[in-house]
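For the sequence shown, UniProt numbering begins at 1 and goes up steadily by one. Following: one structure in structure tokens, then a few remarks.
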Amino acid sequence: MTAYERRFPTCHLIPMFVNSDVVNEETSEDGATHRIERRCALDVDAPRLLKRIAGVDYVYFIQKNTLNRKERTLIIESHNETFSNRVVVNETCCYSVHPENEDWTCFEQTASLDIKSFFGFESTVEKIAMKQYASSINKGKEIIEFYLRELENEGVTHVPRWTCSSICPALPAPNSLSTSPPELQLTSTPAVPASHAADTKDAASQDAKQDSGALQGDSLAEIQPGTPEDKLDADYIKRYLGDLTPLQESCLIRLRKWLQETHKGKIPKDEHILRFLRARDFNMDKAREILCQSLTWRKQHQVDYLLETWNPPQVLQDYYTGGWHHHDRDGRPLYILRLGHMDTKGLVRALGEESLLRHVLSINEEGLRRCEENTKLFGQPISCWTCLVDLEGLNMRHLWRPGVKALLRIIEVVEAHYPETLGRLLILRAPRVFPVLWTLVSPFIDENTRKKFLIYAGNDYQGPGGLVDYIDKEIIPDFLGGECMCEVPEGGLVPKSMYRTPEELENEDVRLWTETIYQSASIFKGAPHELLIEIIDAASVITWDFDVCKGDIVFNIYHSKRAPQPPRKDPLGAHGITSPGVNNVQLIDKSWTLGQDYSMVESPLTCKEGESVQGSHITRWPGFYILQWKFHNMPACSATNLSRVDDVLATLQVSSHKCKVMYYTEVLGSEDFRTACCDVQS
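Structure, rendered in structure tokens:
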């Protein structure tokens, strides 16, 4: 907080922050709480014409900071003073101590923008505001680190923690029956946002460790000791996961625990979870969202069995110019792709986009397997691979529009479901046409991934800083001037006799992506989805496996002696929603009475968004069993308790009266085995 205060009255690292004046300042009697209100002048980066129309040079904001030294929190509230009748900007930031580790600082930030009117330039003002806000967030870490270094250069590596005795009147001297407690100095490291905690300098970190040790001996109330479940074994981290900060380790444990509670028996390995956390800079909510989506995708398309079931067609074996080739200097598996020799147009015409995609997915699955093998082989964590792309022969033929479309689709799927698997991409012999292809492709590639690209034109890769810096000379392929034989096919033009009609390709594509035991259905408010299972023998077992893809649902099982009427599909148009191909079947007649025409055999199970649910039921009677997934009506006030953006969006999805579930059921009888499949998505 001492570093933060150095931003005022102005900050040269924020050019738009011109000046600030203290409007009001007050301190509580015990000195624990300090409130200061400032009027800040900002030189907004806006078109000169817009400033002239608005009649202002600077925009003024009121910022109110409340520092509570006793609770160790800083709350920053700001709103605009200029044009407050036309534009309303509110922002709240909060620094606080992590509840499980007092050496960590938590940082939360929320902001809102409401443009009522602005001389017909509402859209322009919105873009300017978003640009300035994003710029401010991006520079936050740089600014706080600058002032931390400034403090350290002045010899300040810790700030004494506030105590009442330092300001409050002296307490009466103890009488002869009491003993004076030993003197205890409480210190803390300068506070930084949670995402920056790992960047605190060594000196401050060492002080924090020493202070923490002193507290543990004398004040157990100050520090809550962690349970074994809160930490991973240090040897395990070093051997299989790599360097993790305490905060990153905590994120991994919390996400894994959440998966254990919601995805029974289907927990991915720590290395896999860690990839998604790294892809979202250890933002728990964002990582959890993309991981759940990926797990559902893997289940629906049986990706876990891809290496066992996928048999690439002969045309791929002959003309797909890619393959695995030893490993790089860091022990990462090495994949070589001779893109310049690949007939992308011929492959798309002969196989279709979906077959190519599935082949690329099998390559990624093989990469994950090789990473595990190399981790065991080299005794160090290897979670990604290196890809070498040779562009010799790349020409305008490779810019064929359907081929580029297929490439972009593949990149999109791989980015979503295999994050942080590419350790390095070496692009060799890039020709003049490469910038055109790069312009088309690069926007679809994550920024962190683009930073791993190394591009060499001509024969530049043969000199210093080239290929030998990343790959041992002994395994450089012969076609790149090395001595190692490479088994990657040389490619060539796919014979036109292998081309297939669009109709044939379309049918093949549908077959590839519908080979799944899961199906899809939608659930709307007032329109549940129901599945009928007829049981002939008592003591049969019904098992189910479903995923809640969007929204919250309630799962029920009913029994009836009478068969329901033929299933009717809910008219989606009645809900104002058009969703062709989506399943929604209702079996229970509205005239039926619960307890008379049918009965409930299991207690209702409420399932939250993102959960994976498995269970079973032993039937007591023959007859008709109805499995029902219905919309979960949340209390009207629940939305007011939500603060995260993701939660608000989920609530909006729920209010649209639509949920998404994916499930699979089996019936095991004494004499027969019957299967019913359905994927419920809403």
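Note that the Cβ used here is the ideal one computed from N, Cα and C, for glycine as well.
Please report how far the alpha carbon of residue i lies from the alpha carbon of residue j, in whole angstroms.
i, j, result
"Asp469", "Thr245", "29 Å"
"Lys550", "Glu261", "18 Å"
"Gly434", "Thr321", "It should be noted that the sequence gives Phe, not Gly, for residue 434. One C-alpha to the other measures close to 18 Å."
"Glu71", "Arg35", "14 Å"
"Ile363", "Val404", "19 Å"
"Arg620", "Asp304", "35 Å"
"residue 701", "Gln302", "Residue 701 falls outside the range modelled here, since the chain spans only 1 to 682, and no answer is possible."
"His79", "Glu271", "43 Å"
"Met493", "Glu392", "Per the sequence presented here, residue 493 reads as Leu, with Met not at that position. Roughly 15 Å between the two C-alpha positions."
"Thr2", "His158", "10 Å"
"Pro9", "Ala41", "10 Å"
"Glu506", "Tyr461", "42 Å"
"Trp324", "Val413", "21 Å"
"Arg7", "Glu150", "12 Å"
"residue 688", "Leu334", "Because the chain here runs from 1 to 682, residue 688 falls outside it and cannot be looked at."
"Thr386", "Lys299", "27 Å"
"Leu408", "Arg500", "22 Å"
"Thr92", "Pro99", "20 Å"
"Glu229", "Met498", "Confidence at Glu229 is low in this model, with a pLDDT of 47, below 50, so its placement is unreliable and no value can be given for it."
"Phe83", "Cys94", "26 Å"
"His559", "His263", "27 Å"
"Ala350", "Leu306", "21 Å"
"Leu337", "Pro495", "21 Å"
"Ile382", "Lys590", "58 Å"
"Gln565", "Phe624", "12 Å"
"Leu247", "Ile290", "20 Å"
"Ser522", "Trp629", "9 Å"
"Thr73", "Phe17", "24 Å"
Using 8 Å for Cβ pairs, my map puts residue i next to residue j. What's the rounded Cβ distance?
i, j, result
"Asn90", "Ile76", "About 12 Å; that fails the 8 Å criterion."
"Gly491", "Met342", "5 Å"
"Leu454", "Arg424", "7 Å"
"His69", "Ala32", "Checking the sequence shown, residue 69 turns out to be Arg, not His. Sure, about 5 Å apart at Cβ, within 8 Å."
"Val488", "Ile427", "Val488 to Ile427, Cβ: 16 Å. No contact."
"Arg38", "Val22", "6 Å"
"Phe61", "Glu81", "6 Å"
In this structure, how does DSSP classify residue i when only helix, strand and coil are distinguished?
i, result
"Gly323", "strand"
"Ser603", "coil"
"Tyr535", "For the record, residue 535 in the displayed sequence is Ile; it is not Tyr. Strand, per DSSP."
"Glu609", "coil"
"Glu26", "strand"
"Lys451", "coil"
"Trp385", "strand"
"Arg620", "coil"
"Thr245", "coil"
"Trp310", "coil"
"Phe282", "coil"
"Cys164", "helix"
"Ile410", "helix"
"Ser591", "coil"
"Trp544", "strand"
"Lys525", "coil"
"His359", "helix"
"Tyr625", "strand"
"residue 712", "Because the chain in this structure spans residues 1 to 682, residue 712 falls outside the shown range and cannot be described."
"Gly615", "strand"
"Tyr461", "helix"
"His301", "coil"
"Val159", "strand"
"residue 685", "Since the first and last residues shown for the chain are 1 and 682, residue 685 lies out of range."
"Val494", "coil"
"His632", "coil"
"Glu530", "strand"
"Cys484", "strand"
"Lys345", "helix"
"Asn583", "strand"
Quick one: is the Cβ of residue i within less than 7 Å of any heavy atom of the ligand FAD?
i, result
"Arg149", "The ligand FAD is not part of this structure, which contains no ligands at all."
Query raised in the report: Can you list, in chain order, the stretches of the alpha helix (DSSP H) that have 4 or more residues and sit fully within the UniProt domain "PRELI/MSF1" (1-156)?
Result: Fully enclosed alpha helix (DSSP H) runs of 4 or longer: 2-5, 48-54 and 122-153.
Query raised in the report: Is there contact here, the region 586-600 with the region 526-545, by at least three beta-carbon pairs under 8 Å?
Result: The region 586-600 is in contact with the region 526-545.
Query raised in the report: Below 8 Å, can you find three or more Cβ-Cβ pairs linking the region 360-379 to the region 329-346?
Result: Counting Cβ pairs under 8 Å, three or more are found: they touch.
Query raised in the report: Where in the region 391-446 do unbroken runs of the alpha helix (DSSP H), each at least 4 residues long, occur, reported from the N-terminal end onward?
Result: If we require 4 residues or more, the alpha helix (DSSP H) runs fully inside the region 391-446 come out as 401-417 and 434-441.
Query raised in the report: With contact counted as at least three CB pairs below 8 Å, one residue from each stretch, are the region 270-285 and the region 311-319 in contact?
Result: Flag = no, the region 270-285 and the region 311-319 do not touch.
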